[in-house]
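See below:
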């Protein structure tokens, strides 16, 4: 359940864009520490993947549910944050291979 009402979609989008940047920094640190992979690392990676999946499926990022004008506004201002998050997810996944 979002902290902000649906009318505050701009606030949610701003919050989510900041979250994506923060998670991107986490990705960098996890990849840097990959040579030191241990049991604690497994838990961190698991939490990262769970967090990104929950981020991607949240209702306020499902652009197909918005009107075309609102969708265009969101895409012009924030882009599709799901794509950025899923690209990080994919990068992390392939680092484990």
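Residue numbers (full-length UniProt numbering): 1 to 97. By construction, the Cβ of each residue, glycine as well, lies at the ideal position given by its N, Cα and C atoms. Bear in mind that the values here come from a model prediction, so they are computed numbers and not experimental data.
| Item | Value |
| --- | --- |
| In its own chain, which residues sit with a C-beta less than 8 angstroms from the C-beta of residue 19, not counting the 5 before and 5 after it? | 55 |
| Got a sec? Which residues, its chain only, sit under 8 angstroms from residue 45 by beta carbon, not counting five neighbours each side? | 30, 92, 96 |
| Could you pull out every residue in the same chain whose Cβ sits closer than 7 angstroms to the Cβ of residue 34, ignoring the five residues on either side in sequence? | 95 |
| Going straight from the alpha carbon of residue 79 to that of residue 89, what length do you get? | 17 angstroms |
| How is the alpha helix (DSSP H) around residue 24 delimited, first residue to last? | 9-32 |
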